[in-house]
Amino acid sequence: MFAALSSYLAGQILSVIDTIHVPATTTEIQLRHNLIIDSTFIVNGLDNVPFDYVLDAAQGVVSLPSSKKEPRTLVVRYNHFSDLLPLRVGPKWLQLPLVDSLIYKNNLPIETSSSSTPIIQNTDALFTAGTVYRTASVSPITGSEFTGGLRMQIQGNLGPDLQISGVLSDQNLPIQPEGNTKTLDEIDKVYLQVNHDNFLVTAGDIDVSYSSGKFMNINRKMIGLNNNFKYKEWSGSAVFAGSKGKLNQVEFKGVDGKQGPYKLTSGDGNRDIIILAGSERVWLNGMRMVRGENNDYTVDYAIGELTFMPRHLIYFDSDIYVEYQYSDAQYNRSVLGTSMKRNLRNKGNIQLNWLREFDQALAGEDQIDSEIINLFNNVGDKDVQISGATQDTSGAYVFVDSIYVFDPADTILGNHFNVAFTYDGFSGEYVRKVTINGTVYYEWMGNNDLDQMRQTMDLYSPLRKLVKPESQQMVQVVSYHQLNDWVNLSLELAISDHDQNSYSSVDDADNQGIGHEVELSGQKIPLGEKIFFGYQVSDWSRTGRFHTLQRDRSVNFNQDWNIPVSGQERERLRNVGATLTIDSLGAVNGSFSQYEIGSALRKRILMDFHGTTALVPSITGNFNQIQYGNDHFNQIDFAARLLPGKIHPVINYSFELSEKANQFEHFTSGVEYGGEKLQTIVTIGRREDHLNTDEAPVLSSRGYFGEFDLHFQTHKGWNQSLIYRKRIKTQMLEEKDLDYDLAQARIFFRKPYHPLRLDVKIKLEETLTENRATVYDSVGIGLGTYRYDPQFEEYVSDPNGAYIAYTILTGSRKPTTQFEGIQRLEYDFGKRLNSKFKDIKYRLDWLWDFNGQNFSVNRYGEDDLNESTIIRSRSKLRHEWDYVNRTGRQIRTWWLGEKDLNNLDSRGADLRMNTELAVDWLEPISANTHAVVKLNQHDANVESGFSHSRDRSAQGTWAEIGIKKRFSSLWQTEALLQNGYDAGHHQMSNYSAALRGIRLDILHFFSSKGRLQGRFEWATVGLDGAAAFPPPEAVRGHALGDTRKVNVQGHILLRQNFSINVTINYISDIRYDNFINITGEIRAYF
1 MFAALSSYLA GQILSVIDTI HVPATTTEIQ LRHNLIIDST FIVNGLDNVP
51 FDYVLDAAQG VVSLPSSKKE PRTLVVRYNH FSDLLPLRVG PKWLQLPLVD
101 SLIYKNNLPI ETSSSSTPII QNTDALFTAG TVYRTASVSP ITGSEFTGGL
151 RMQIQGNLGP DLQISGVLSD QNLPIQPEGN TKTLDEIDKV YLQVNHDNFL
201 VTAGDIDVSY SSGKFMNINR KMIGLNNNFK YKEWSGSAVF AGSKGKLNQV
251 EFKGVDGKQG PYKLTSGDGN RDIIILAGSE RVWLNGMRMV RGENNDYTVD
301 YAIGELTFMP RHLIYFDSDI YVEYQYSDAQ YNRSVLGTSM KRNLRNKGNI
351 QLNWLREFDQ ALAGEDQIDS EIINLFNNVG DKDVQISGAT QDTSGAYVFV
401 DSIYVFDPAD TILGNHFNVA FTYDGFSGEY VRKVTINGTV YYEWMGNNDL
451 DQMRQTMDLY SPLRKLVKPE SQQMVQVVSY HQLNDWVNLS LELAISDHDQ
501 NSYSSVDDAD NQGIGHEVEL SGQKIPLGEK IFFGYQVSDW SRTGRFHTLQ
551 RDRSVNFNQD WNIPVSGQER ERLRNVGATL TIDSLGAVNG SFSQYEIGSA
601 LRKRILMDFH GTTALVPSIT GNFNQIQYGN DHFNQIDFAA RLLPGKIHPV
651 INYSFELSEK ANQFEHFTSG VEYGGEKLQT IVTIGRREDH LNTDEAPVLS
701 SRGYFGEFDL HFQTHKGWNQ SLIYRKRIKT QMLEEKDLDY DLAQARIFFR
751 KPYHPLRLDV KIKLEETLTE NRATVYDSVG IGLGTYRYDP QFEEYVSDPN
801 GAYIAYTILT GSRKPTTQFE GIQRLEYDFG KRLNSKFKDI KYRLDWLWDF
851 NGQNFSVNRY GEDDLNESTI IRSRSKLRHE WDYVNRTGRQ IRTWWLGEKD
901 LNNLDSRGAD LRMNTELAVD WLEPISANTH AVVKLNQHDA NVESGFSHSR
951 DRSAQGTWAE IGIKKRFSSL WQTEALLQNG YDAGHHQMSN YSAALRGIRL
1001 DILHFFSSKG RLQGRFEWAT VGLDGAAAFP PPEAVRGHAL GDTRKVNVQG
1051 HILLRQNFSI NVTINYISDI RYDNFINITG EIRAYF
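As numbered in UniProt numbering, residues 1 to 1086 make up the sequence shown, in order.
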């Protein structure tokens, strides 16, 4: 056997000689072949002088010494194996595909090709790779469509000290990643970067960050050009870009028992926005949060909703601050900016910055209604509202007594209008509703308590607020001087110009504002061997019209000073502070401040400390006192972690007092354990809230809290984590007690050679659920994913349908409990030694998603359509057994049970239940021929709580019997006879439906250059009984009568860098009469 192997390998060895030009900065070369025989490898220069090198023979990579700085030309000689060595060992039957997968891509012939040239191709070492394509789609119903795109990667050297890299594309991918992970994949990021020792230029998608002094701090995602440079003592930057989104900053209080979702809005309060993925920054009580389901929060970018994870309980006085960018459908925001900085011989620096932002209408000023332009020109900085109603004889609304009444049937006398309603959380008087046939309309609610309604639902107005184009800019001078070792001086002066309506010159006299800051400071001034002293004296102020481009103070500034969100008033803050630090022990900080806002004056005393000792590994404390007039506001925070070792008692105490408002006291204690494999913390707490009156504080609420965190990981493959929160709150002054649990848990086990794999995830949280309705919009036959079935008054999933679906919020909200449970289990008996069942693999998938009130595990099987406390309860359980033996016999058997009780629709609830028992059998008849048997027994039921025409059932069987054959390595075919039968009822009528059909699959490979794959189906459905049509669940959704379907896909690769793809779809039945769609694509690779 060894001799045969040696003879085989010797016959696969080829010799290569290449001449390669290597730039000065290159230290690594990827050769055009791998699996090199290192004893034959020789590298010489053109003068035949050998070079030092390190060879990775398996990967074909040559590493050269970095000491050589000049370009060079090398000649390489080596022998290599022409074919890849086998990557797997063992019986071939273990690599066979599962049932019904012979035609799928994991069973295609292995395509191997080698590049005709090394990666280093030319003298300037500029490497490019990418694709360019053009696609044509033709259909006699939808017409023709022509699209295309380019995506290219580029990297290399443009000169001795100049590098270029980037990704270029003309494709616009409107796909927002999900905001439930810490990092996001920016699949559509496009940029070009040129790098030099003295400058860096980036064009395309750029992240612009300016951080200078107090007033110039911005962080934006933009599209444009950014340049950074450095030359001797000078450095600077310049940016010219269009912002991907408009910046907004919101600050609000939490709601007791509501982890989310919290709605993020535009600057003018509009809720129909899209958050720019990754642009958000979230703080809770002054602490920066981390995105992710396993961290602090998640965000739904598509609808702008923020939800906090169970590890952070949200209270009625939780301070939430969010910065984010959102897309604006009316204006593009352009940005111009520059910065220049000069170092002053290690004694400081001086910096000059300028930045301007301004809006430009997307449609262009010549396309905007002249009446709106006139309004903008004359209104100045005031808000502008216009009516959303347009008189139209076919309109759905009638104007009656100053109220718009929905009248689609034209039964009310009066003028009819088309009305566009917009969200209005301040003065809206209409609610959004949905008719029984899915039409969205608005109803006036002015006779009700609107203030109370706004707590639980969204209100709308027939008036539309016009968003005016803005412009803002700032010029800033900052200098820093180190006067001596103990004194540092910083100076800052900023001038802003904020025009709230750039179309109008009215009210422009007050656009400008000025801000300044002066600070003297000293750090680490020695007072002894390990004792240091630091100080800070500062004074900053800003006029009432001064406008910053982004936040210019800490996120908890208003909470620390106990003030509401400030408006346009003059501000000034003077501060004197000192720090005493003892190395390896801790530090104490103290400061006195005076803050003027308008004519009001507040004084603040702040003391805080942190330290560590052998017995107390961590201790922190904070005292904050605000005095304004005769009133005081006090805050005390204390936290300690006691005892050395792995076990630490923990103590946390918080107290807050506002003399004329309220006060609370929160005490928590517990135990923390930090081991190598196990980390856990258990705490219990109590909080009391009082209302302060003239006589004495009145107890308003008392709450108890429990927290349990656990993380356990072993080297044997187990990984477990648990976050649990329990909260009980008793309201003394109102009947609104709280008692709920929050939990997030995961149990995970995986080991390479162990037969068991397990992944269990559970999440339990309190949320505020808003009713939603699904709306369907017609886009043309073949372009949608749903069709409308008038027999059942329902939109049915159909890949050739004419409708698309989207979800809208109907405004009504109520607190609910949300539970999500997922379990995946797999057991491979083949990984057990001497197992009698080594050919069997078992899988279990379980899912339960519950949203409603009064949650308990006993509600898993509940299916009452009249149960209004359930918003949605969806469950799925699947058992699967796979059998594969050495002879090629493959059997897959599964049982599936599904239930979906959906009460999100405001019209009523729907209940869908489905069970399946199925087996797929692939039996070898010969080496290239298999008998195929597929059997399925199913039972589907649909019940509606608001329309009996939707009620239906289907019980029956489905069978496919045929032959799968490989004529050669290039030809595969499968022919199946189909037989289906379903019986049931719908619309008070019984029916039975039978299907007879045939399906033929053909797969042909053109060597390694392409493939042709086709599926041909012909089926006939007959119907007995009183029903006129079978329901969508019967006979797998086939239409009554004859159905003919053809799907053909072709792929051809020409010269390894050019491909042609063609797809033909044809269907003809009573729904689609000879509908055909042809799509062709030409793609080039470079």
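Ideal Cβ placement from N, Cα and C applies to all residues, glycine included. Keep in mind that this is a model prediction, so the values were computed, not measured.
Using the C-alpha atoms, what's the distance from ASP499 back to ASP508? For this step, residue 508 is matched to residue 508 along the sequence shown. For this step, residue 499 is matched to residue 499 along the sequence shown. Cα to Cα, the separation comes out at about 7 Å.
First and last residue of the beta strand (DSSP E) that includes GLN452? For the purposes of this step, residue 452 is taken as the residue at position 452 of the sequence shown. GLN452 -> not in any beta strand (DSSP E); alpha helix (DSSP H) instead, spanning 450–453.
Would the beta-carbon of GLY586 fall within 8 Å of that of HIS610? Residue mapping note: residue 586 aligns to position 586 of the sequence shown, counting from 1. Residue mapping note: residue 610 aligns to position 610 of the sequence shown, counting from 1. Yes, the Cβ-Cβ distance between GLY586 and HIS610 is below 8 Å.
Can you pull the DSSP bridge partners for GLN937? Taking the sequence shown and counting its residues from 1, one reaches residue 937 at position 937. Paired residues: LEU917, THR957.
Let me check understanding here. Comparing Cα to Cα, which of TYR78, ASP637, SER701 lies closest to MET732? Here the question's residue 732 lines up with position 732 in the sequence shown. With respect to the C-alpha of MET732, the residue from TYR78, ASP637, SER701 having the closest C-alpha is SER701.
Taking DSSP as the reference, what is the three-state secondary structure of GLY586? Taking the sequence shown and counting its residues from 1, the one referred to as residue 586 is at position 586. Three-state DSSP puts GLY586 in a strand.
Would the stretch 885–896 and the stretch 914–925 be scored as touching if the rule is three or more Cβ pairs under 8 Å? yes
Taking the straight line between their C-alpha atoms, what separation do you get for ASP694 and GLN391? In the sequence shown, residue 694 corresponds to position 694, counting from 1. In the sequence shown, residue 391 corresponds to position 391, counting from 1. Near 58 Å, if we compare the C-alpha coordinates of GLN391 and ASP694.
Check LEU904 in the structure and name its three-state DSSP category. As a first step, residue 904 is located in the sequence shown; it is residue number 904 there, counting from the start. Coil at LEU904, not helix or strand.
Span of the alpha helix (DSSP H) around LEU375: Taking the first residue of the sequence shown as position 1, residue 375 is located at position 375. 370–379 is the span of the alpha helix (DSSP H), which, as asked, contains LEU375.
Indicate whether ILE681 and GLU688 have their beta-carbon atoms separated by less than 8 Å. Numbered from 1 along the sequence shown, position 681 holds the residue referred to as residue 681. Numbered from 1 along the sequence shown, position 688 holds the residue referred to as residue 688. Going by C-beta atoms, ILE681 is not nearer than 8 Å to GLU688.
Secondary structure of ASP510, DSSP reduced to three states: Position 510 of the sequence shown, counted from the first residue, corresponds to residue 510. Three-state result, ASP510: helix.
Opposite GLY861 in the DSSP bridges: which residues? Locating residue 861 in the sequence shown gives position 861, counting from the first residue. BP columns for GLY861 are empty, so no partner.
Taking all protein chains shown into account, decide if GLU233 is buried (16 or more other Cβ within 10 angstroms of its Cβ) or exposed. Counting from 1 along the sequence shown, the entry for residue 233 is found at position 233. Flag for GLU233 reads exposed.
Burial state of ALA494 (16 or more Cβ within 10 Å): Within the sequence shown, the letter at position 494 stands for residue 494. Its Cβ being crowded by 16 or more others within 10 Å, ALA494 is buried.
So is ASP1069 buried or exposed if we call it buried at 16+ other beta carbons inside 10 Å? Locating residue 1069 in the sequence shown gives position 1069, counting from the first residue. Buried.
First and last residue of the uninterrupted alpha helix (DSSP H) at ASP560: Sequence index remark: in the sequence shown, residue 560 carries index 560 (1-based). Counting along the chain, the alpha helix (DSSP H) containing ASP560 begins and ends at 557–561.
Let me confirm a value: GLY782 is counted as buried when at least 16 other C-beta atoms fall within 10 Å, else exposed. Which label applies? By one-based count along the sequence shown, residue 782 stands at place 782. GLY782 is buried by the Cβ-count criterion.
Which whole-angstrom value describes the C-beta separation of residue 1087 and TRP958, a residue pair presumed to lie in contact below a C-beta threshold of 8 Å? Here the chain has residues from 1 to 1086 only, and residue 1087 is not among them.
When you compare only the Cα positions, how much space is there between PRO799 and TYR786? Along the sequence shown, one-based indexing puts residue 799 at 799. Along the sequence shown, one-based indexing puts residue 786 at 786. The alpha-carbon atoms of PRO799 and TYR786 are separated by roughly 7 Å.
Rounded to whole angstroms, what is the Cα-Cα separation between GLY1080 and GLN472? In the sequence shown, residue 1080 corresponds to position 1080, counting from 1. In the sequence shown, residue 472 corresponds to position 472, counting from 1. Taken atom to atom, the span from the alpha-carbon of GLY1080 to that of GLN472 is near 49 Å.
Tell me the rounded alpha-carbon separation between GLN1013 and GLY1050. Mapped onto the sequence shown, residue 1013 falls at position 1013. Mapped onto the sequence shown, residue 1050 falls at position 1050. About 6 Å.
Give the range of the beta strand (DSSP E) segment to which ARG725 is assigned. The residue you call residue 725 lines up with position 725 of the sequence shown. Counting along the chain, the beta strand (DSSP E) containing ARG725 begins and ends at 718–731.
Boundaries of the beta strand (DSSP E) in which TRP486 is found, first to last residue: Position 486 of the sequence shown, counted from the first residue, corresponds to residue 486. For TRP486, there is no enclosing beta strand (DSSP E), since its DSSP letter is neither H nor E.
Is VAL565 helix, strand or coil by DSSP? The count along the sequence shown starts at 1 and reaches residue 565 at position 565. In the structure shown, VAL565 sits in coil (DSSP, three-state: anything other than H, G, I, E or B).
Would you mind reading off the limits of the beta strand (DSSP E) that contains GLY1010? Position 1010 of the sequence shown, counting from 1, holds the residue named residue 1010. Unbroken beta strand (DSSP E) run through GLY1010: 1010–1025.
Note down the Cα distance separating GLY801 from ASN562, rounded to an integer number of angstroms. Residue mapping note: residue 801 aligns to position 801 of the sequence shown, counting from 1. Residue mapping note: residue 562 aligns to position 562 of the sequence shown, counting from 1. If I take the Cα positions, the gap works out to 58 Å.
Does the separation of the CB atoms of GLU770 and GLY257 fall below 8 Å? Start at 1 with the first residue of the sequence shown, and residue 770 comes out as number 770. Start at 1 with the first residue of the sequence shown, and residue 257 comes out as number 257. In this structure, GLY257 does not lie closer than 8 Å to GLU770 by Cβ.
Take LEU284 as the anchor and find which of ASP920, ILE597, THR307 has the nearest alpha-carbon. Against the sequence shown, residue 284 aligns to sequence position 284. Of the candidates ASP920, ILE597, THR307, the residue whose Cα lies closest to the Cα of LEU284 is THR307.
If you draw a straight line from the alpha carbon of GLN452 to that of TYR133, how long is it in whole angstroms? Here the question's residue 452 lines up with position 452 in the sequence shown. Here the question's residue 133 lines up with position 133 in the sequence shown. In a straight line, the C-alpha of GLN452 is about 57 Å away from that of TYR133.
Test item: CB-CB of VAL379 and SER504 under 8 Å: Your numbering for residue 379 matches position 379 in the sequence shown. Your numbering for residue 504 matches position 504 in the sequence shown. Yes, these two residues count as a Cβ contact at 8 Å.
Helix, strand or coil for LYS677, going by three-state DSSP, please let me know. Mapped onto the sequence shown, residue 677 falls at position 677. Coil.
With ALA987 and SER949 assumed to form a contact (beta carbons below 8 Å), what rounded beta-carbon distance in angstroms separates them? In the sequence shown, the residue the question calls residue 987 occupies position 987. In the sequence shown, the residue the question calls residue 949 occupies position 949. Before going further, note that residue 987 is Gln rather than Ala in the sequence given. Indeed they touch by this definition, with Cβ atoms about 6 Å apart.
Where does PHE316 sit, in a helix, a strand or coil, going by DSSP? Against the sequence shown, residue 316 aligns to sequence position 316. Correct three-state label for PHE316: coil.
Neighbourhood of HIS196 by C-beta distance below 7 Å, restricted to the same chain and skipping five residues each side: Taking the first residue of the sequence shown as position 1, residue 196 is located at position 196. ASP161, LEU162, listed in sequence order.
Check whether the Cβ atoms of TYR297 and MET309 lie closer than 8 Å to each other. Start at 1 with the first residue of the sequence shown, and residue 297 comes out as number 297. Start at 1 with the first residue of the sequence shown, and residue 309 comes out as number 309. The answer is yes: Cβ separation under 8 Å.
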